[in-house]
Every structure is written in structure tokens, then in C-alpha cells.
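Take a look at the structure set out below.
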Amino acid sequence: MPEIYGSIVDDKTRCAHYQLRLDIIALRFRCCDKYYPCYQCHEETSGHEIQRWLRSELDAGKPVVCCGECKAELTFSQYSGGGARCVGCGARFNPKCALHYDIYFDLS
């Protein structure tokens, strides 16, 4: 199970910024190779700026998302193509997280 950093409030990876029932993912940040529940947790505690994952890195299949329910590490393809569900345990994720892809991923 990967270590999760930031302002975590429970064992499902929810944080001080995102605490809805479906807010159960953590994202691996390219700049530090650490998982945080959200960009705000990273900004508050990491001491450096976010570097987005490049499309070529995402296509290579490195895990970049951790399911807060089963702690499975997912590739971007598994995460983005999973219908807002974990491909491992079926837990539902917040579909609105896709609105923040541009913070974490350079998909150009």
C-alpha cells in the first residue's frame, strides 16, 4: 500500500479539501513521486510546484492513482477508462475529478 501525504482525514484518502463519499482517490505527483489526495494538499505540504504527467509517461503505464478503498494503484488508462470506478474493487470515484485532469496531467 502506498503512503499518502497531505491533510488526510480518514483511511479512504479523503482530505481536508475533499470529503464527499466518492472522494476516495489519491494521485501520484510527477514532481516528487508521492501520493496526495489533491493538489491543495500537495501545495500546502510539498514545498515545490506541481509538475504534470506527460502523455508519453501516462501511455507507458506507470500507476498514477491510488484507490482509497482497496489501495490498488491504477494507471491513467485504468483510471480514466474505468467509468469512475476502481478496476480492482469496483468502488465508485467522484466523476467530477475529471474536471481537474489539467492540474495533474498534460494530455496534449
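When you line the sequence shown up against full-length UniProt numbering, it's residues 1 to 108, in that order. Here a beta-carbon is modelled for each residue, glycine too, at the ideal position from N, C-alpha and C.
Annotation for Lys12: Ile24, Gly68, Glu69 place their beta carbon closer than 7 Å to its own, counting only its chain and skipping 5 residues before and after.
Annotation for Cys41: the continuous alpha helix (DSSP H) segment containing it runs 39–45.
Contact between Arg52 and Asp10 fails: their C-beta atoms lie close to 27 Å from each other, not under 8 Å.
Assignment of Ala26 by DSSP, reduced to helix, strand and coil, places it in the strand class. In this structure, DSSP gives Cys97 a helical state, which the three-state scheme calls helix.
In the DSSP assignment, Tyr79 falls within the unbroken alpha helix (DSSP H) covering 76–80. Per the coordinates, the alpha-carbon of Glu73 lies some 13 Å from the alpha-carbon of Arg85.
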